[in-house]
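No gaps in the numbering here: position 103 of the sequence shown is 190 in my numbering, and each next residue is one more. Everything below concerns the one structure shown next.
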Amino acid sequence: MNVKRRILSCSISALVTMVTVPAFADCSALPDFSQLRSALVGAITPANAGLGFHMWGTLVANDGTVCAVAFSGSQGTSQWLGSRVISAQKANTANDFSLGHNATPPGSLFPTGLALSTANLFTAVQPGGSLYGLQHSNPVDTEVAYGNRPPFSGNGISTANFNPGPSSGSSFGTPNDPMVGHRVGGVNVFGGGLALYRNGAKVGGVGVSGDTSCTDHMVAWRVRSALGLDQLQGVKGVTTDPAHPDNIIFDITPNADGTGGTGQAPNGQGGVGHSASGFGHPKCLNNPSDAAVAGLPPVK
Numbered sequence: 088m089n090v091k092r093r094i095l096s097c098s099i100s101a102l103v104t105m106v107t108v109p110a111f112a113d114c115s116a117l118p119d120f121s122q123l124r125s126a127l128v129g130a131i132t133p134a135n136a137g138l139g140f141h142m143w144g145t146l147v148a149n150d151g152t153v154c155a156v157a158f159s160g161s162q163g164t165s166q167w168l169g170s171r172v173i174s175a176q177k178a179n180t181a182n183d184f185s186l187g188h189n190a191t192p193p194g195s196l197f198p199t200g201l202a203l204s205t206a207n208l209f210t211a212v213q214p215g216g217s218l219y220g221l222q223h224s225n226p227v228d229t230e231v232a233y234g235n236r237p238p239f240s241g242n243g244i245s246t247a248n249f250n251p252g253p254s255s256g257s258s259f260g261t262p263n264d265p266m267v268g269h270r271v272g273g274v275n276v277f278g279g280g281l282a283l284y285r286n287g288a289k290v291g292g293v294g295v296s297g298d299t300s301c302t303d304h305m306v307a308w309r310v311r312s313a314l315g316l317d318q319l320q321g322v323k324g325v326t327t328d329p330a331h332p333d334n335i336i337f338d339i340t341p342n343a344d345g346t347g348g349t350g351q352a353p354n355g356q357g358g359v360g361h362s363a364s365g366f367g368h369p370k371c372l373n374n375p376s377d378a379a380v381a382g383l384p385p386v387k
């Protein structure tokens, strides 16, 4: 009987370890909750244009584990609640599809790595684009996103026995956000997500949501800069500006037949239009000025 108890005890300990310790996560390499919130609050300025709303921000580690989720308002409902998970999607996407130093093989078009913002993905994922369908490739884990895990069950021993019950909405955007410590997944293909770099090595991603997608990009850029994780050190992007390699590109124009190219302007004709670079993003309501976009802090 004692032997059985020891075996059961060891099994339970192993399961608890499996559930509570995310594999390969290195959140210690990233800023903490309070630093993210401070950077997020400080990044909201009139130069970002848009709607002037509060924001959600998420940091993920290099393996996609969510490390911190914060909001800039006085409470969780001070900003669009749906933008919480979108911010995590953006952080995950930028981290998933960017690379740093020593990550590409000899002969690569990007020998020093590639930084792709979520804004750079918009055109390529449209119907007929080279990445069409990418936005459906890595769906969000909704149990992780909302903490909708089953409560404790006494029917046998499994990892489900050690999961907490459904999380309270009051934990969203706090150090106890249910996404923290887990991989939420998700792919987002409009502005607001950027890869994070330290000394040219990719260490994760940041995602911001809560305003127009164009303004989300502006805020995310300022957050990355404030956190000091814009040390690309020669990592290339798809823009022609080495100081802003993964910046948003506004080069979408109407198609030859006159359709598209209107972005989100009221009474627009619809359709995407043509992007000269192939990485363009549509303009948004109260779009950031060209000067504001070009004037974002240069990467290091």
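Where a beta carbon is used, it is the ideal one built from N, C-alpha and C, also for glycine. None of these values were measured; they are calculated from a predicted model.
Task: Under 8 Å between C-beta atoms of Ser174 and Val295 - done: In contact: Ser174 and Val295 (Cβ atoms closer than 8 Å).
Open item on the list: Looking at the secondary structure, which residues open and close the beta strand (DSSP E) in which Cys154 lies?
Closed with: 153–158
- [ ] Report the rounded CA-to-CA distance for Ala352 versus Asp338, giving the unit in angstroms.
- [x] With a pLDDT of 46 at Ala352, under the threshold of 50, the modelled position of this residue cannot be trusted; read the value that follows with caution. Between Ala352 and Asp338, the C-alpha separation is close to 15 Å.
Open item on the list: Check for me: the beta strand (DSSP E) holding Thr145 runs from which residue to which?
Closed with: 143–148
Open item on the list: Quick check on Leu283: buried or exposed, where buried means 16 or more other Cβ atoms within 10 Å of its Cβ?
Closed with: buried
- [ ] Could you name the residues of the same chain whose beta carbon sits closer than 6 Å to that of Gly367, not counting the 5 residues immediately before and after it, in chain order?
- [x] Thr210, Ile336, Asp338, Ile339
TODO: Under 8 Å by Cβ, that's how I've got Val271 and Val231 pegged, so tell me the actual separation to the nearest angstrom.
DONE: 5 Å
Open item on the list: What would DSSP say about Lys323, mapped onto helix, strand or coil?
Closed with: Of the three classes helix, strand and coil, the one that applies to Lys323 here is strand, per DSSP.
Open item on the list: Beta-carbon within less than 6 Å of Lys177's beta-carbon, same chain only, minus the 5 sequence neighbours each way: which residues are those?
Closed with: Around Lys177: Thr205, Asn275, Gly279, Gly280, Gly294.
Open item on the list: Three Cβ pairs or more, each shorter than 8 Å: is that satisfied between the segment 320–330 and the segment 149–161?
Closed with: no
Open item on the list: Measuring straight from C-alpha to C-alpha, what distance separates Gly315 and Val156?
Closed with: 18 Å
Task: Boundaries of the beta strand (DSSP E) in which Val293 is found, first to last residue - done: It spans 288–296 - the beta strand (DSSP E) in which Val293 sits, taken as one unbroken run.
Task: Minimum C-alpha distance to Cys301 - residue among Phe259, Ser258, Asn207 - done: Comparing Cα positions, the closest option is Asn207.
TODO: In angstroms with no decimal places, state the Cα-to-Cα distance between Ala378 and Ser254.
DONE: 43 Å
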